[in-house]
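Each residue of the sequence shown is one higher than the last, beginning at 69 in this note's numbering.
Every residue gets a Cβ at the ideal spot worked out from N, C-alpha and C, and that includes glycine.
These numbers were taken from a predicted model, which means no experiment stands behind them.
Single-structure report; data block below.
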Amino acid sequence: MALDYAVMLVYVLLMAGLGWWGMRKVRNQDDFLVAGRRLGPALYLGTLSAVMLGGASTIGSVRLGYSYGISGLWLVFMLGLGIIVLSLVLSRQIAQLRVFTVTQILEQRYQASSRLIGGCVMVAYDLMVAVTATIAIGSITEVVFDIPRIPAILCGGALVIFYSVIGGMWSLTLTDIIQFVIMTLGIFCVLLPMSVGQAGGLEAMQARLPAGFFEWGNIGLDTLLAYFLLYFFGALIGQDIWQRLFTARSERVVRYAGLGAGVYCMFYGAACALVGAAAKLLLPDLAVAENAFAEVTRNVLPAGLRGLVVAAALAAIMSTASACLLASATVLKEDIYSRFLTRGQENHLASSRWITLGLGVAMLLMACLVNDVIAGLSIAYNLLVGSLLVPIIGALLWRRASAAGAIACMVSGSLTVIACMARDGILANTPIYYGLGVSLLTFVAVSLVSQPAPALRSTAD
69 MALDYAVMLV YVLLMAGLGW WGMRKVRNQD DFLVAGRRLG PALYLGTLSA
119 VMLGGASTIG SVRLGYSYGI SGLWLVFMLG LGIIVLSLVL SRQIAQLRVF
169 TVTQILEQRY QASSRLIGGC VMVAYDLMVA VTATIAIGSI TEVVFDIPRI
219 PAILCGGALV IFYSVIGGMW SLTLTDIIQF VIMTLGIFCV LLPMSVGQAG
269 GLEAMQARLP AGFFEWGNIG LDTLLAYFLL YFFGALIGQD IWQRLFTARS
319 ERVVRYAGLG AGVYCMFYGA ACALVGAAAK LLLPDLAVAE NAFAEVTRNV
369 LPAGLRGLVV AAALAAIMST ASACLLASAT VLKEDIYSRF LTRGQENHLA
419 SSRWITLGLG VAMLLMACLV NDVIAGLSIA YNLLVGSLLV PIIGALLWRR
469 ASAAGAIACM VSGSLTVIAC MARDGILANT PIYYGLGVSL LTFVAVSLVS
519 QPAPALRSTA D
């Protein structure tokens, strides 16, 4: 294990060093929150891909592959599809607004109270996604290296907090690029070919795996529809995704590099699902399917390569954790603290760092108390899509949308999602079905009987 530990140590030191380098590039609020809005195609594609593919995308997709075969790719496929649509269809209108947060659009189109309500929901969403990513750090290191879960969470989470606080988006961008490279090498070049090879190759897997493991719909149409509603639409409105979009230097970068990132995500999901299917043959009696990624890494790979693949998983996880931590801090700072409490009368850069640190501590505490990665992600996306999808898309595309309709649909959608999760369980599909349906009906009905809000105008004009 000494070689594996050495690889992991190099990775940790590299992330800390890049975080420090990123701090030296931060001069103002734009640098800290959106990297000065000047990323080119290579940096933008790498950082967007890295932020999309976190603990749920990696560990979760391998777990789904272990349970359902190739159809386990659908979770990440829907995220990639959402990125493609966001980049090709909505990028021009979003780029012209030059905002810091998704929920600023709610105030521009509707009124201040809608920004406050949307900001609270968005903070909760991004913080919960950051928590699930931090949990995944502990679950991998506990199985592969036999490191206790809580110390692993505290050490990994502390590294994420360190480079997020000192360098903001510049540190995240620099670390994401290295993480993107490590993810690509670890998953596509090491774990996928070696796990499939030890399982006997694709033909042997098709012959020996349970019926349906190579059928696209094996996961079930009901689950596939739920993934579409949660993850496709979630990718369209998530602050962690939009904040990356705001870093691009031009609309052309957003469109074409965003398309590349979406396609990359789809291939990544397929690779992880195949790893999970191979693990079903190699380790058929796992008591906890969530551990499929860590167990196949520990049992299939030799020393050194094992450390590289764990570093790849941690790279994916940390990129999402840091992105969502900064996203939640940005929304809390811009949409709640500065807008409604201090009204802009503070040191923007200092307050951004303090708020990021405070939310980072909250992230660590919650990660130590919560266990289920997929459950945490489901809570986050249910609340996000059920309450904010309709008013945000309505603000961009529907001329008849009204402020009263937006507020009514956010409140009704959130309450419906919470009620359905309490009644049917966190992992049920009903929260997103009913939440989104109630939100849409309320928005349309109230908007049609109230005064339409003025159309959005570019802040660059």
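Margin query: Nearest by alpha-carbon distance to Gln172: which of Ala74, Leu382, Ala346 and Pro459 is it?
Written below: Position 104 of the sequence shown, counted from the start, is the residue given in the question as residue 172. For Gln172, the nearest C-alpha among the options comes from Pro459.
Check: In chain order, which alpha helix (DSSP H) runs of at least 4 residues are fully inside the stretch 370-422?
Finding: 373-399
Next item on the list: Inspect the beta-carbon positions of Ala204 and Ile385 and report whether they are closer than 8 angstroms.
Entry: Within the sequence shown, the letter at position 136 stands for residue 204. Within the sequence shown, the letter at position 317 stands for residue 385. In contact: Ala204 and Ile385 (Cβ atoms closer than 8 angstroms).
Next item on the list: Could you check which residue in Val130, Phe256 and Leu298 has the C-alpha nearest to that of Leu457?
Entry: The count along the sequence shown starts at 1 and reaches residue 457 at position 389. Out of Val130, Phe256 and Leu298, Leu298 has the C-alpha closest to the C-alpha of Leu457.
Next item on the list: Excluding the 5 residues preceding and the 5 following Gly302 in the sequence, name in chain order all residues of the same chain whose CB lies nearer than 6 angstroms to its CB.
Entry: On the sequence shown, residue 302 is found 234 positions in, with the first residue counted as 1. Within the same chain, Gly302 has close Cβ partners Tyr449, Leu452 and Val453.
Next item on the list: Reducing DSSP to helix, strand and coil, say where Pro459 ends up.
Entry: In the sequence shown, counting from the first residue as 1, residue 459 sits at position 391. Helix.
Next item on the list: Take the Cβ of Thr241 as the centre, count every other Cβ of all protein chains shown within 10 Å, and call the residue buried at 16 or more, exposed below.
Entry: Mapped onto the sequence shown, residue 241 falls at position 173. Per the 10 Å Cβ criterion, buried.
Next item on the list: Compute the Euclidean distance between the alpha carbons of Gln247 and Leu82, then round it to the nearest angstrom.
Entry: In the sequence shown, the residue the question calls residue 247 occupies position 179. In the sequence shown, the residue the question calls residue 82 occupies position 14. When rounded, the distance between both Cα atoms is 10 angstroms.
Checklist line | Extent of the continuous alpha helix (DSSP H) to which Lys348 belongs | finding: Residue mapping note: residue 348 aligns to position 280 of the sequence shown, counting from 1. Segment Glu319 to Leu350, the alpha helix (DSSP H) holding Lys348.
Margin query: What would DSSP say about Leu107, mapped onto helix, strand or coil?
Written below: Stepping through the sequence shown from its first residue, residue 107 is reached at position 39. Looking at Leu107 - three-state DSSP - the assignment turns out to be strand.
Margin query: Considering only DSSP beta bridges, list what Pro520 is partnered with.
Written below: Along the sequence shown, one-based indexing puts residue 520 at 452. For Pro520, which the question treats as bridged, DSSP gives the partners Ser470.
Checklist line | Segments assigned alpha helix (DSSP H), at least 4 residues, entirely inside the stretch 215-276 | finding: 217-252, 260-266 and 270-276
Notebook entry, point to check: In chain order, what residues of the same chain have a beta carbon less than 7 angstroms from the beta carbon of Ser482, not counting five sequence neighbours either side?
Noted result: The count along the sequence shown starts at 1 and reaches residue 482 at position 414. Counting only Cβ-Cβ distances below 7 angstroms, and skipping sequence neighbours, we find Val189, Leu451, Gly454 and Ser455.
Margin query: For Gly187, tell me which candidate among Val170, Thr202 and Val197 has the shortest Cα-Cα distance.
Written below: On the sequence shown, residue 187 is found 119 positions in, with the first residue counted as 1. Of Val170, Thr202 and Val197, the residue nearest in Cα terms is Val170.
Check: Excluding sequence positions up to five away, which residues of its chain have a Cβ less than 6 angstroms from the Cβ of Ala381?
Finding: For the purposes of this step, residue 381 is taken as the residue at position 313 of the sequence shown. Contacts found: Thr126 and Ile208.
Next item on the list: Assign Thr410 to one of two classes, buried (16 or more other C-beta atoms within 10 Å of its C-beta) or exposed (fewer than that).
Entry: Start at 1 with the first residue of the sequence shown, and residue 410 comes out as number 342. Classification of Thr410: exposed, given that the 10 Å Cβ count is below 16.
Next item on the list: Pick out whichever of Ser155, Phe100, Leu143 and Ala84 has its Cα sitting closest to the Cα of Leu116.
Entry: Counted from its first residue, the sequence shown places residue 116 at position 48. Closest option to Leu116, Cα to Cα, is Ser155.
Next item on the list: Identify the continuous alpha helix (DSSP H) that holds Tyr193 and give its terminal residues.
Entry: What you label residue 193 is simply residue 125 of the sequence shown in a count that begins at 1. Element bounds for Tyr193: Ala180 to Val212.
Item checked: Proximity winner among Ile500, Ala74 and Gly150, relative to Trp310 (alpha-carbon distances) -> By one-based count along the sequence shown, residue 310 stands at place 242. The residue with the shortest Cα to Cα distance from Trp310 is Gly150.
Margin query: For Met251 and Gly493, what's the separation of their Cα atoms in angstroms?
Written below: Reading the sequence shown from its first residue, position 183 is the one you call residue 251. Reading the sequence shown from its first residue, position 425 is the one you call residue 493. Cα to Cα, the separation comes out at about 33 angstroms.
Next item on the list: Output the boundary residues of the alpha helix (DSSP H) element that contains Val130.
Entry: The residue you call residue 130 lines up with position 62 of the sequence shown. Looking at the DSSP string, the run of the alpha helix (DSSP H) that includes Val130 is Ser129 to Tyr136.
Checklist line | Cβ shell of Ala192 (< 7 angstroms), same chain only, five flanking positions each side left out | finding: Locating residue 192 in the sequence shown gives position 124, where the first residue counts as 1. Cβ within range, chain order: Leu451.
Next item on the list: Give the secondary structure of Ala70 by DSSP, where H, G and I count as helix, E and B as strand, and everything else as coil.
Entry: Along the sequence shown, one-based indexing puts residue 70 at 2. Note: Ala70 maps to helix in three-state DSSP.
Next item on the list: Identify which residue in Arg317, Pro216 and Ser515 has its Cα closest to the Cα of Leu111.
Entry: What you label residue 111 is simply residue 43 of the sequence shown in a count that begins at 1. Per the Cα distances, Arg317.
Check: Nearest to Ala472 by alpha carbon, out of Ile461, Pro520 and Leu143?
Finding: Numbered from 1 along the sequence shown, position 404 holds the residue referred to as residue 472. Nearest C-alpha to Ala472: Pro520.
Notebook entry, point to check: By Cβ distance below 6 angstroms, which residues in the same chain neighbour Ala329 in space, the five residues on each side in sequence not counted?
Noted result: For the purposes of this step, residue 329 is identified with residue 261 of the sequence shown, where counting begins at 1. For Ala329, where only same-chain residues beyond five positions count, the Cβ hits under 6 angstroms are Leu113, Leu116, Ser117 and Ile151.
Notebook entry, point to check: Is DSSP giving Ala496 helix, strand or coil here?
Noted result: Against the sequence shown, residue 496 aligns to sequence position 428. Here Ala496 sits in coil by DSSP.
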